[in-house]
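Note that the working numbering has the sequence shown beginning at 4, numbered continuously upward.
Even glycine gets a Cβ: it sits at the ideal position worked out from N, Cα and C.
A short worksheet on the structure shown next.
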Amino acid sequence: MNILLWILQVLLALHTGMGAVWKFSNSEQAASLQALPHGVWMGLSVLELACVVGLLLPALHKPLGRRTAPIAASFIAAEMLLFTGVHLASGATEYGSVIYWLVVAGLCAFVAWGRFALRPFPSP
Numbered sequence: 004m005n006i007l008l009w010i011l012q013v014l015l016a017l018h019t020g021m022g023a024v025w026k027f028s029n030s031e032q033a034a035s036l037q038a039l040p041h042g043v044w045m046g047l048s049v050l051e052l053a054c055v056v057g058l059l060l061p062a063l064h065k066p067l068g069r070r071t072a073p074i075a076a077s078f079i080a081a082e083m084l085l086f087t088g089v090h091l092a093s094g095a096t097e098y099g100s101v102i103y104w105l106v107v108a109g110l111c112a113f114v115a116w117g118r119f120a121l122r123p124f125p126s127p
């Protein structure tokens, strides 16, 4: 289980890092996410980069990473749910993005649950 959680953490870190870089380089938002102010959009990019560090930190320092990995995964899941809610509230009729965001949120929730309860990192 630990190997599966690590694989998911690395994949989610890559996914989130690419999303943050995309948000910085393409400051225009997807049409359905226009309700998010530009400052919030850029702030999410910074927080996403912090989540990348939080997901990978246990590889360098397990005691510090004990809390950061599940918190980072929880934040990414919450962000995906935020995007889903904003998209649905915009009245958009295309649901491909919603399915994608919900799958990512589910994977993040699994990592958070796995690191909080199922297979936590060792205590310091």
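- By the neighbour-count criterion, in which 16 or more other beta carbons inside 10 Å mark a residue as buried, Q37 falls on the exposed side.
- When C-alpha distances from R70 are compared across A16, W116, L91, the shortest belongs to W116.
- For the pair A76 and L58, the Cα-to-Cα distance works out to about 7 Å.
- Collapsing the DSSP output to three states places A95 in coil.
- Per DSSP, reduced to three states, the secondary structure at Q12 is helical.
- With 16 or more other CB atoms across the displayed protein chains lying within 10 angstroms of its CB, G22 is buried.
- Around the C-beta of S28, fewer than 16 other C-beta atoms lie within 10 Å, and the residue is accordingly described as exposed.
- Annotation: M4 is outside any alpha helix (DSSP H) and is labelled neither H nor E by DSSP.
- Under the three-pair Cβ rule at 8 Å, the segment 77 to 90 does not count as touching the segment 59 to 66.
- In the structure shown, P66 falls within a helical segment according to DSSP collapsed to helix, strand and coil.
- A buried status is given to G68, since no fewer than 16 other beta-carbon atoms sit within 10 Å of its beta-carbon.
- The three-state reading of DSSP puts P40 in coil, since its state is none of H, G, I, E or B.
- Taking V13 as the centre and dropping the five residues before and after it, the same chain places the C-beta of L58, L59 closer than 8 Å to its C-beta, in chain order.
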